[in-house]
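Heads up: the structure comes next, in structure tokens.
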Amino acid sequence: MMLPAPRPSILDIEPYVGGESKLAGVNRVIKLSSNEGAFGPSPKAIEAFRSVAEEIHRYPDGGAGKLREAIGARFGLDPARIVCGAGSDDLLCQLALVFGGEGTETIQTEHGFLMYGIFSRYAGSAVLKAPERERTADVDAILALVTPRTKVVFLANPNNPTGSYIPAEEVHRLRARLPEDVVLVLDGAYAEYVDAPDWTPGTELVEAGTNTVMTRTFSKMFGMGGLRLGWCYAPAHIVDLLNRVRGPFNASVPAQAAGIAALSDRAHFERSLAHNSECRAWTTAELRAAGVKVAPSVGNFVLADMAASGRDVVAADAYLRARGIIVRRVAGYGLPDCLRITIGTSEEMRLCCAAMAEFMASGQGLLAAGATPNQTGTAA
Ligand SMILES: *Cc1c(COP(=O)(O)O)cnc(C)c1O
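Residue numbers (our numbering): 440 to 819.
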């Protein structure tokens, strides 16, 4: 039998595996595995979603005009330079396809978001990974990988799953040293959570140049991951390119309506932000007090290094699961000994931290000094 053959590079792609949401035999699951906003969507977004139920036989506004106006007003951006999509993944994919292709290369960081590699390979591009320093993007290491074949640099800032970021000065230095014809994609999936004064979303680079794109999402802070809505802010000629290739109706009627309503609910936003900053600090302190090594994070999650805490990651994960708590193994990100823990509600984090403290105190999964059992990545 002759199977229809894909382009060869498609077979190099490992399917993305999302955070799990179910545990056999557990009624109440505490899902801290996908960085979904702790408070869920704004009630205004839910109401707007319901209010368009009878209109879903109509195609959406393909240009998402009102939504782009609302995004522009909310974040102080020019609506003409905004393109919406079915999640920011949609836009990351279009960017990889528009600029990539056989014989080209894209660069991402060592522990960068997995989808950059998947979309790049889909486009036919080779993927180069720049080593990080202390699990933080290293501008010089990225620059060292640039060749005449480089087309796109993908940088999540802050990064998932490490929670680290590089300051504005470093982002500017990266842009200044990259060749002019290389697109720098600044993925701001966690932009709304950042409270560090020296960070930038990159607006000034998008507006001053021809080669920087910022991507953003409604999936994290706005709690609308199930609806699939994202956007990017790009120079005019890149907006034009994206508008040629994107799905003409890639932001649905309910997504556009809910997105506009979500942006209008400042109180929900401020509550979500205050909760995250406070609860992230509390969670970090609790875990550290229990002996768990936790890196500083500016996102809505923290990364716990179990091997550095002297414990086996598989045992820790199993202990939490037995108590209905699902966090994320991140071996696929080159971090086989770490667990990424999303900041949920205060009650969820109390239960999670208590379970982790019990695990640490129990002596289960204790590693012999210096052992790093999962260095080669035994689990996905
Ligand atoms: C969650 C996430 C995204 C994309 O989310 P969408 O739901 O597709 O908007 C993009 N980048 C990073 C780093 C993420 O963690």
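Ideal Cβ placement from N, Cα and C applies to all residues, glycine included.
Mapping DSSP to helix, strand and coil, what is Q547? Counting from one through the sequence shown, the residue named residue 547 turns up at place 108. In the structure shown, Q547 adopts extended strand secondary structure according to DSSP, grouped into three states.
For ligand 1, is there a heavy atom less than 7 Å away from the beta-carbon of A800? As a working mapping, residue 800 is identified with position 361 in the sequence shown. Every heavy atom of ligand 1 is 7 Å or more from the Cβ of A800, so no.
Kindly list the residues whose CB is nearer than 6 Å to the CB of G698, restricted to its own chain and excluding five residues on each side of it in sequence; keep chain order. Indexing the sequence shown from 1 puts residue 698 at position 259. Same-chain partners within the cutoff: L506, F657 and L668.
A607 and T639 closer than 8 Å at C-beta: By 1-based counting over the sequence shown, the position of residue 607 is 168. By 1-based counting over the sequence shown, the position of residue 639 is 200. Closer than 8 Å, so yes.
M799 by DSSP, collapsed to three states: which one? Taking the first residue of the sequence shown as position 1, residue 799 is located at position 360. Residue state, collapsed to three classes: helix.
For the alpha helix (DSSP H) that contains W721, what are its first and last residues? Within the sequence shown, the letter at position 282 stands for residue 721. Boundaries of the alpha helix (DSSP H) around W721: R705 to A728.
Measure the CB-CB distance between A503 and S711 and report whether it falls below 8 Å. Position 64 of the sequence shown, counted from the start, is the residue given in the question as residue 503. Position 272 of the sequence shown, counted from the start, is the residue given in the question as residue 711. In this structure, S711 does not lie closer than 8 Å to A503 by Cβ.
Helix or strand or just coil, what does DSSP make of L774? As a first step, residue 774 must be located in the sequence shown, where it is residue number 335. Correct three-state label for L774: strand.
Distance cut-off 7 Å: K470 Cβ against heavy atoms of ligand 1: As a working mapping, residue 470 is identified with position 31 in the sequence shown. No, Cβ of K470 sits at least 7 Å from all heavy atoms of ligand 1.
Contact test: F558 Cβ vs ligand 1 heavy atom, cutoff 7 Å: The sequence position of residue 558 within the sequence shown is 119, counting from 1. It does not: the Cβ of F558 is nowhere closer than 7 Å to a heavy atom of ligand 1.
Measuring CB to CB, does N739 end up less than 8 Å from Y632? Taking the sequence shown and counting its residues from 1, one reaches residue 739 at position 300. Taking the sequence shown and counting its residues from 1, one reaches residue 632 at position 193. Taking 8 Å as the cut-off, the beta carbon of N739 is found closer than this to the beta carbon of Y632.
Ordered list of alpha helix (DSSP H) runs contained in the region 659-701, each at least 4 residues: Counting whole runs of 4 or more residues, the region 659-701 contains the alpha helix (DSSP H) stretches 675-684.
Can you tell me which of the three DSSP states L594 falls into? Working through the sequence shown from its first residue, we reach residue 594 at position 155. Here L594 sits in strand by DSSP.
DSSP-derived helix/strand/coil call for M653: Residue mapping note: residue 653 aligns to position 214 of the sequence shown, counting from 1. Three-state DSSP puts M653 in a strand.
Specify which residues have a beta carbon nearer than 5 Å to any heavy atom of ligand 1, listing them in chain order. Any residue whose Cβ sits closer than 5 Å to a heavy atom of ligand 1 makes the list: G526, S527, D528, F552, A595, N599, D626, A628, T656, S658 and G669.
Would you list the one or two residues that DSSP bridges to L805? Position 366 of the sequence shown, counted from the first residue, corresponds to residue 805. Within the DSSP secondary-structure output, L805 pairs in a beta bridge with R750.
Given A754, which residues of its chain have a CB within under 7 Å of its CB, disregarding the five upstream and five downstream residues? On the sequence shown, residue 754 is found 315 positions in, with the first residue counted as 1. Annotation for A754: Q803 and G804 place their beta carbon closer than 7 Å to its own, counting only its chain and skipping 5 residues before and after.
Should K470 go down as buried or exposed, given a rule of 16 or more other Cβ atoms within 10 Å for buried? Locating residue 470 in the sequence shown gives position 31, counting from the first residue. By the neighbour-count rule (16 or more Cβ atoms within 10 Å), K470 is buried.
Could you tell me the distance, in whole angstroms, from the CA atom of T722 to the CA atom of C792? Taking the first residue of the sequence shown as 1, we reach residue 722 at position 283. Taking the first residue of the sequence shown as 1, we reach residue 792 at position 353. Linking T722 to C792 through their CA atoms gives a straight-line distance of about 7 Å.
Neighbourhood of A690 by C-beta, 7 Å cutoff - its chain only, sequence neighbours within 5 removed: Locating residue 690 in the sequence shown gives position 251, where the first residue counts as 1. Correct list, in chain order: P499, A503, L506, C523, G524, A525 and L668.
Segments of 3+ residues assigned as beta strand (DSSP E) that fall wholly inside the region 495-536: Fully enclosed beta strand (DSSP E) runs of no fewer than 3 residues occupy 521-524 of the region 495-536, in order along the chain.
Does M440 pass the burial test, meaning 16 or more other C-beta atoms within 10 Å, or should it be called exposed? By 1-based counting over the sequence shown, the position of residue 440 is 1. With fewer than 16 other Cβ atoms within 10 Å, it is exposed.
DSSP state of D620 mapped onto helix, strand, coil: Against the sequence shown, residue 620 aligns to sequence position 181. In the structure shown, D620 falls within a coil segment according to DSSP collapsed to helix, strand and coil.
Report buried or exposed for A818, applying the criterion of at least 16 other Cβ atoms within 10 angstroms of its Cβ. As a working note, residue 818 is residue 379 in the sequence shown. Confidence is the limiting factor: at A818 the pLDDT is only 37, short of 50, which leaves the residue's position unreliable, though a coordinate-based value still follows. Exposed, since its Cβ has fewer than 16 Cβ neighbours within 10 Å.
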